[in-house]
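Working notes, beginning with the structure itself.
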């Protein structure tokens with residue numbers, strides 16, 4: 001059986017222009033707020049963090065898509081736009097707003113097939129879906145898995161430690177905060193469908209467990225009280 005060769009509708013140069021657009025859009029979203037940005041110094045509500053998160057998700061989602069046989073172009077463009085409205089829209093509607101921005105961009109900045117545009121926008125809309133990933137297209141599954149994975153490894157651990165300063169915690173709470181990353185990661189693994197994403201998740205969680213053990217082994221009287229996991233969007 002021959003292998004289908006699918007020509008990419010998005011060139012590397014076009015994708016770089018998309019990245020610039022997303023970066024500038026996020027920065028403008030913060031700058032246009034009357035308050036000077038919604039908690040812009042709080043790590044995951046800054047334009048810098050949001051763009052970095054998006055790039056991480058693009059890399060992860062593309063890797064998963066390529067290994068699982070999904071349309072990698074749909075996945076990487078959807079990943080690039082999935083949080084573009086995160087800093088200007090409420091959490092409940094940011095996916096719909098992101099799809100709107102992506103649709104307008106794709107229709108006005110190229111001659112992309114309408115079917116491609118709609119697949120991208122469908123994945124963006126559905127990336128906040130909280131039900132079983134098996135209900136969704138393979139492309140959307142790849143995007144959601146990547147979105148989950150970015151919060152359960154080194155990036156998620158770093159953000160949780162930064163959160164300690166925001167909450168006026170001391171370094172003695174570090175193990176507890178890392179435990180939250182583990183809890184979040186274990187929840188993520190339960191949702192993941194693909195073998196590729198599951199392998200990445202287990203590798204990342206293994207490293208987080210090692211870091212937690214390292215903290216507890218070297219810092220005297222490190223306490224790890226059990227608390228419920230706060231949402232980290």
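In UniProt numbering, the protein residues as written are 1 to 233. Glycine is no exception: its CB is placed at the ideal position from the N, C-alpha and C atoms. For clarity, every value in this text was computed on a predicted model and none was experimentally measured.
| Asked | Found |
| --- | --- |
| Euclidean distance between Cα positions of residue 37 and residue 46 | Any reading at residue 37 is ruled out, since the residue's pLDDT is 45, under 50, leaving its predicted position unreliable. |
| Whole-angstrom C-beta distance between residue 123 and residue 74, which should lie under 8 angstroms | 7 angstroms |
| Closest by C-alpha distance to residue 129, when choosing among 147, 112, 115 | 147 |
| For residue 217, the nearest candidate out of 175, 195, 188, 205 (CA to CA) | 175 |
| CB of residue 94 within 7 angstroms of CB of residue 108, strictly | no |
| Sequence-distant residues of its chain with Cβ nearer than 6 angstroms to residue 51 (five each side left out) | 23, 26 |
| Length at least 4, wholly inside the UniProt domain "HD" (50-152): the alpha helix (DSSP H) runs in chain order | 72-81, 94-108, 114-126, 138-149 |
| Cβ shell of residue 1 (< 6 angstroms), same chain only, five flanking positions each side left out | With a pLDDT of 38 at residue 1, under the threshold of 50, the modelled position of this residue cannot be trusted; read the value that follows with caution. Closer than 6 angstroms at Cβ, skipping near neighbours: no residue. |
| Span separating the alpha-carbon of residue 101 from that of residue 152 | 28 angstroms |
| Cβ contact check for the region 110-121 and the region 54-63: 3 or more pairs under 8 angstroms | no |
| Residue from 163, 142, 104, 155 with nearest C-alpha to residue 196 | 142 |
| Sequence-distant residues of the same chain with beta carbon closer than 7 angstroms to residue 211, five excluded per side | 157, 178 |
| Three-state secondary structure assigned by DSSP to residue 10 | coil |
| Counted within 10 angstroms of its Cβ, other Cβ atoms place residue 76 as buried (16 or more) or exposed | buried |
| Closest residue to residue 246 among 190, 83, 106, 215 (Cα-Cα distance) | In the structure as shown, the chain begins at 1 and stops at 233. Residue 246 is therefore absent and cannot be evaluated. |
| Alpha-carbon spacing of residue 67 relative to residue 116, whole angstroms | 20 angstroms |
| Cβ-Cβ separation, residue 145 to residue 71 (assumed contact under 8 angstroms), whole Å | About 15 angstroms separates the two Cβ atoms, so there is no contact after all. |
| Where residue 190 sits in the DSSP three-state scheme | helix |
| Contact check, residue 291 vs residue 185, beta carbons under 7 angstroms | Any question about residue 291 goes unanswered here, given that the chain covers just 1 to 233. |
| Straight-line gap, residue 201 to residue 121 (C-alpha atoms, nearest Å) | 26 angstroms |
| Nearest residue (CA-CA) to residue 208, options 161, 69, 194 | 161 |
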